[in-house]
Amino acid sequence: MTAAPLLSVSDLTIDIPLGGRTLHAVRGVSFEVSRGETLCIVGESGSGKSLTSLALMNLLPGRLKRAAAAMSFDGIDLLSIPERRMSDLRGDRMAMIFQEPMTSLNPAYTIGNQLTEAFLRHRKTTRKEAFGRAVYLLEKVGITAADRRMKQYPHQLSGGLRQRVMIAMALMCEPDLLIADEPTTALDVTIQAQILLLLKDLQKELGIAIILITHDLGVVARIADRVAVMYAGELVESGPAAPLFQSPAHPYTRGLLECIPQPGKTRPGEPLGSIPGLVPSLTGRVSGCVFRNRCPRAEEACSGEVPVVAFGDARRVRCLFAEGVR
Amino acid sequence: MSEASVAAADPLAEVLPRISPFARFLRRALGHNGLLIGGGVLAAIVLMALAAPLIAPHDPYAQDVARRLIPPVWDAKGGWDHVFGTDKLGRDYLSRLIYGARISLMIGCLAAAISGVIGTTLGVAAGYFGGRVDAAISYLITTRLSMPVVLVALAVASLVGGSLNIVILVLGFLLWDRFAVVTRVATQQICHAEYIAAARCIGCSTWRIVFSEILPNILNALIVVATLEMAHAILLEATLSFLGLGVPPPEPSWGLMIAEGKSYMFFKPWVIVIPGVALLVLVLAINLLGDGVRDVTAPENRN
Amino acid sequence: MLRFALRRIGVAVCVAFTVAVFSFFLLHLSGDLATAIAGPESSAEQIAQIRVEYGLDRPIMAQFIDWLVRALHFDFGRSFYFQDQVTTLIAGRLGVTMALGGMALGFALLVAIPLGVVAAIRRDTWIDRSALMISVFGQAMPSFWFALTLVLIFSVKLRWLPASGGATWKHMILPVVALGTYAMPAIMRLTRNGMLDVLAADYIRTARAKGLSTAVVLFKHALRNAVIPVVGLAAVQLGFMLGGSIVIETVFSLHGLGHLAWEAISRNDYPVVQAVVLLLSVVYILVTLAADLLNAALDPRMRTG
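Chains as they are written, first to last, in my numbering: chain A, 1 to 326; chain R, 1001 to 1303; chain S, 2001 to 2305.
Here it is, written out as structure tokens:
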């Protein structure tokens, strides 16, 4: 990597206090994102990927505790800046799209009102200018009759349209980083494809960095430059998308990929893979490899310290028996 | 588009120990301060009312003109013979208070029972049958809600003549609205559930569905409304008696005691403070119990 | 929106009519009015005479239609006791009760909404717990007793405010507080719970992700949505308070509608009773109608849907 990354996170930890006990929801997560790059964070529900994305924006619910060794955005230390400065960044240089387009817009205000709100907050500008930019962006995300849509309320729009509005809203201030938390999960398959294509096009045009949170490996394959796989609150493997899909190093990643039928590789009638067992409890002290109770290769050593190993072309894996490391 | 189908496991599910629903109910109930305090105080008042003849130090109706308006024991002029003093006719205040609990509890229970039967019948019918039945019953509820309760109760009580039975009947026939509203919504929700469709499919009769499927499922909600309406009826009886059109003298209704003490309150404030606090404690206990039952049985409704 | 409004108004008219039917038959069927008017010591002839005099010997349907037709012209007949037209009596008393009810509602809203909002924002802190305590006690307190206690404290002990009568604005303070406190707990709880629901909504997270200040998030995005159900409740509470005015006005000797109703009831002056029951019901119907329309105006889903 030549240029300094736009966002770099090292050793991010999120704790959830549960009346006396603590749930260590996210542990030791580190990653970087550069300008113009798409990082996909993949993991099943409860793996901590959404919490990680909220932690970047400092939008975690109040009782959750965030800690990290370092967290910086374009040279700004996100750990030490006051909330006032953080809210200046939010919606301006770092924007976010959420999973539920149906409930992520305020039912009491028009689309126009909600679109222009952030622009008016972050820029010295007029309502007219903000309105113009909103209409421009609505057209850009593929909404026809944008002028009319501006005066409509969220309930008058379909889910796909609302998600487009959310994207336009996130782009209002030309952010450097766009965090999209499962932006297509709640939508129809055809709309999903359109939204992903739209994100990719916008990225090419505007050169923004995108962090896409998803549990859908199909989405990852289409859009990702780099992939980070999370399991039970830890980043088990990360690296450029193509080699990671080609030769997954971590047993969990391999298990995930075996769950997907692949044209040409999977024969008709052949059973798909599955990962037996349950995610371990994350309360109290968590030690060793979190995947060891479900891992086909687990040995006694796995309950000890498992370091992150760097190998190949900027790949990293947290496993004692990772394949292709040496 | 393919999707990685990894079993979604909630990490919290692992955290919580697996216990039976009843044990969880008991644990929640015992951990709920409001429920314990409310239930305890209410139980004490019920015991007091039941054992009134045994624990009341004096006859609550016995007048003694020589011993009028004696202050309670904490006053310098008070004495242990009349712990809460005496009223304007020389009747022992503590004894009247103890017997008064009987009136309040009786009114609360019976009025809530009558209105509970009326309201639940209407609410379940509206929720179960829907359509025109629902429209007609909803209309009835709206109409009932728009009539001022205190005024109607007073007018009827005054025409028929105030007595304990009349007050119970009038309140019973006026306070069914909340029962109807709550059971209607609850029944609608249950009727949309698949097990009701299943019960219909295997040919269960309406009665059977109502009694074995619907009523058991709305019981918790009913208990909560019943406590609310008990408290409501007790307060309304006190109000009617205070206005002189509820329970007639010489019955020791707490509302009546406040009305009788009103003319003396400027010089002897305890004549209204004591029965008022009694009312407050009783209603508070019932409300705490009701809130507690709601929290324990349906914690998702709590905020 | 127009269709919704028209339908809602139609229902309101029907309900008002039903209430009129109810209040008429309730009073005529729950006891013998002639006996009640004549008093317990009167002879059979006296009762018969009264029956003829007041037209109570006619068939009840005839009496009802006659009453209804005149009621539609705001003519409720003559009061038995006050020797005056019922309409004149009511017109003279209405102002006091409306002022009392309006101010009490204003007081309740001014205390309950901020308290509910703060309790929701500072959930599970001492503020939240004290707000809850206030609402629990407020709900359990008999309003007439609370009114008397206010008199004991502020008129007798501290001598700050007059105990009864309605001559000056100072006379109104205690009645307004007593009546308003009656409505406060419900409004406070609804505001708090509504605010908690709304604060957990996805669109609040969106608003925060836009970098909006806490004040904008709370007051623009949260409160607007949380307050919608409060409008309906406030209307219902105003109706309850008008009914409750009978107690408060009696305690404070305020000569309003409630006091008039009490006097009329204790003297079996049933034309007045009937008129007041109908009037208070109609006011309740109108207020809830207004609240429904206001709600529709506040909530775009109803306005445009």
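Idealized CB from N, CA, C, for every residue including glycine.
Span of the alpha helix (DSSP H) around S/Ser-2042: The residue labelled residue 2042 of chain S in the question sits at position 42 within the third sequence. Premise fails: S/Ser-2042 is in no alpha helix (DSSP H) and is neither H nor E.
First and last residue of the uninterrupted alpha helix (DSSP H) at S/Phe-2240: Taking the third sequence and counting its residues from 1, one reaches residue 2240 of chain S at position 240. From DSSP, the alpha helix (DSSP H) with S/Phe-2240 extends over 2228-2252.
Bridge-paired residues (DSSP) for A/Ser-10: As a working note, residue 10 of chain A is residue 10 in the first sequence. Its beta-bridge partners are A/Ala-70.
For S/Asp-2084: DSSP bridge partner residues: Here residue 2084 of chain S refers to the residue found at position 84 of the third sequence. Answer by DSSP bridge pairing: none, since S/Asp-2084 is not bridged.
Contact between the stretch 2173-2193 of chain S and the stretch 69-89 of chain A (3+ Cβ pairs under 8 Å): no
Beta-carbon spacing of S/Tyr-2182, S/Ser-2155 below 9 Å: Translated into the one-based positions of the third sequence, residue 2182 of chain S becomes position 182. Translated into the one-based positions of the third sequence, residue 2155 of chain S becomes position 155. No, these two residues do not count as a Cβ contact at 9 Å.
S/Asp-2128 (DSSP reduced to helix, strand or coil): On the third sequence, residue 2128 of chain S is found 128 positions in, with the first residue counted as 1. In this structure, S/Asp-2128 counts as helix in the three-state DSSP scheme.
Any C-beta of chain A under 9 Å from that of S/Gly-2211: Taking the third sequence and counting its residues from 1, one reaches residue 2211 of chain S at position 211. For S/Gly-2211, the answer is yes, since a Cβ of chain A falls inside 9 Å of its Cβ.
Short-range partners of chain R found in the stretch 2164-2191 of chain S, where Cβ spacing is below 7 Å: none
Cβ contact (3+ pairs, closer than 8 Å) linking the stretch 1131-1149 of chain R and the stretch 1071-1084 of chain R: no
The stretch 1106-1118 of chain R / the stretch 1176-1186 of chain R touching (three or more Cβ pairs under 8 Å): yes
Rounded distance between the beta-carbons of R/Ile-1107 and R/Ile-1190, thought under 8 Å: Taking the second sequence and counting its residues from 1, the one referred to as residue 1190 of chain R is at position 190. Taking the second sequence and counting its residues from 1, the one referred to as residue 1107 of chain R is at position 107. The Cβ separation is near 32 Å, so there is no contact.
Every unbroken beta strand (DSSP E) inside the stretch 179-253 of chain A [3 residues or more]: 209-214, 226-231, 234-240
Candidates S/Gln-2274, S/Leu-2148, S/Gly-2244, S/Val-2216, of which the one nearest S/Leu-2027 by Cα: On the third sequence, residue 2027 of chain S is found 27 positions in, with the first residue counted as 1. Looking at the Cα atoms, S/Gln-2274 is the closest of the given residues.
Other residues of its chain near S/Ala-2034: CB distance less than 6 Å, five sequence neighbours each side excluded: For the purposes of this step, residue 2034 of chain S is taken as residue 34 along the third sequence, with counting starting at 1. Taken in chain order, the residues that qualify are Ile-2047, Ile-2050, Arg-2051, Leu-2056.
6 Å Cβ shell around R/Ala-1285 - same chain, five flanking residues per side excluded: As a working mapping, residue 1285 of chain R is identified with position 285 in the second sequence. Cβ neighbours of R/Ala-1285 beyond the five flanking positions: Gly-1038, Val-1041, Leu-1042.
S/Phe-2017 classed as buried or exposed, judged by whether at least 16 other C-beta atoms fall within 10 angstroms: In the third sequence, counting from the first residue as 1, residue 2017 of chain S sits at position 17. A residue is called buried once 16 or more other Cβ atoms fall within 10 Å of its Cβ, and S/Phe-2017, having fewer, is exposed.
Three-state secondary structure assigned by DSSP to A/Ala-25: Counted from its first residue, the first sequence places residue 25 of chain A at position 25. The answer is strand: DSSP assigns A/Ala-25 an E or B state.
Pairwise C-alpha distance: S/Val-2198 and A/Pro-17: As a working note, residue 17 of chain A is residue 17 in the first sequence. As a working note, residue 2198 of chain S is residue 198 in the third sequence. Approximately 23 Å between the Cα atoms of the pair.
Start and end residues, beta strand (DSSP E) containing A/Ala-95: Here residue 95 of chain A refers to the residue found at position 95 when the first sequence is read from its first residue. Here the beta strand (DSSP E) through A/Ala-95 covers 94-97.
Short-range partners of chain S found in the stretch 1210-1233 of chain R, where Cβ spacing is below 8 Å: Ala-1231
Spatial neighbours of A/Ile-191 in its chain, beta-carbon cut-off 8 Å, leaving aside the 5 residues before and after: The residue labelled residue 191 of chain A in the question sits at position 191 within the first sequence. The residues are Gly-159, Gly-160, Gln-163, Thr-184.
Cα-Cα separation between R/Phe-1211 and S/Ala-2020, rounded to whole angstroms: Taking the first residue of the second sequence as position 1, residue 1211 of chain R is located at position 211. Taking the first residue of the third sequence as position 1, residue 2020 of chain S is located at position 20. R/Phe-1211 and S/Ala-2020: Cα-Cα distance of roughly 36 Å.
Contacts of S/Val-2247 in chain R (Cβ-Cβ under 9 Å): To locate residue 2247 of chain S, count along the third sequence from 1; it is residue 247. Under the 9 Å cutoff, chain R gives Val-1150, Thr-1239, Phe-1242, Leu-1243.
9 Å Cβ cutoff met for A/Cys-291 and S/Arg-2205: Position 291 of the first sequence holds residue 291 of chain A. Position 205 of the third sequence holds residue 2205 of chain S. According to the sequence provided, residue 291 of chain A is Phe. The question's Cys does not apply to it. Against a cut-off of 9 Å, the Cβ pair of S/Arg-2205 and A/Phe-291 comes out as no contact.
Secondary structure of A/Met-1, DSSP reduced to three states: Position 1 of the first sequence, counted from the first residue, corresponds to residue 1 of chain A. Note on A/Met-1: pLDDT 45, under 50, position unreliable in the model; no value is reported.
Chain-ordered neighbours of S/Ala-2201 on chain A, where CB pairs are closer than 7 Å: Residue numbering aside, residue 2201 of chain S sits at position 201 when the third sequence is read from its first letter. Residues of chain A passing the Cβ test: Thr-103.
Within chain A, partners of S/Arg-2070 - CB distance below 7 Å: Taking the first residue of the third sequence as position 1, residue 2070 of chain S is located at position 70. Correct list: empty, because the minimum Cβ distance to chain A is about 47 Å.
Residues bridged to A/Ile-16 (per DSSP): As a first step, residue 16 of chain A is located in the first sequence; it is residue number 16 there, counting from the start. Looking at the DSSP assignment, A/Ile-16 forms a beta bridge with A/Leu-23.
Buried/exposed call for S/Gln-2139, threshold 16 Cβ in 10 Å: For the purposes of this step, residue 2139 of chain S is taken as the residue at position 139 of the third sequence. That one is buried.
Chain S within 9 Å of R/Asn-1165, Cβ atoms only: Taking the first residue of the second sequence as position 1, residue 1165 of chain R is located at position 165. Interface residue (Cβ-Cβ distance to chain S less than 9 Å): R/Asn-1165 is not classified as such.
N-terminal and C-terminal residue of the beta strand (DSSP E) that A/Ala-310 is part of: Residue numbering aside, residue 310 of chain A sits at position 310 when the first sequence is read from its first letter. Residues 309-311.
Buried/exposed call for S/Phe-2107, threshold 16 Cβ in 10 Å: Taking the third sequence and counting its residues from 1, the one referred to as residue 2107 of chain S is at position 107. That one is buried.
A/Phe-245 versus A/Lys-200: straight-line alpha-carbon distance, rounded: Locating residue 245 of chain A in the first sequence gives position 245, where the first residue counts as 1. Locating residue 200 of chain A in the first sequence gives position 200, where the first residue counts as 1. Cα to Cα, the separation comes out at about 20 Å.
Exposed unless 16 or more other CB atoms sit within 10 angstroms - verdict on A/Ala-145: On the first sequence, residue 145 of chain A is found 145 positions in, with the first residue counted as 1. Flag for A/Ala-145 reads exposed.
Short CB-CB distance (under 9 Å) between R/Tyr-1093 and chain S: The sequence position of residue 1093 of chain R within the second sequence is 93, counting from 1. No, because no Cβ of chain S sits closer than 9 Å to the Cβ of R/Tyr-1093.
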